[in-house]
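To convert, note that position 5 of the sequence shown is 5 in our numbering; the numbers rise steadily by one, no gaps. Beta carbons are placed, not taken as given, at the ideal position from N, Cα and C, and that holds for glycine. The next block holds one structure in the form of structure tokens; read it before the comments.
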Amino acid sequence: MEISPDAIIIFQWNGIHINATIFFTWVVMVLLVFISWLATKNLTIGPKISRWQNFLEVIIGYIRQQVKEITQQNPDPFIPF
């Protein structure tokens, strides 16, 4: 028996169904916003940066590297940050 996340209804309100796929997408979005807020609230330039800023810079570097490897192009037009 296979259960699709689309078949699991988490919330139901006025005929609007929020399934597991939408719910967990929102959870991931909230986590990303919170981590980004932590990383960017005290940005600094120099040798002493916060742990969160370092974490975010590693993630951005990884994304840029993946785009460059996949497209074989400069990632700047695709990732403007």
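Check	Outcome
For Asn19, the first and last residue of its enclosing beta strand (DSSP E)	16 to 19
Whole-Å CB distance - Phe11 paired with Ile18, under 8 Å assumed	4 Å
Endpoints, alpha helix (DSSP H) assigned at Gln65	51 to 71
Collapsed DSSP secondary structure at Ile3 in the structure displayed	coil
Own chain residues within Cβ distance below 7 Å of Ile63, not counting five before or after	Ile79
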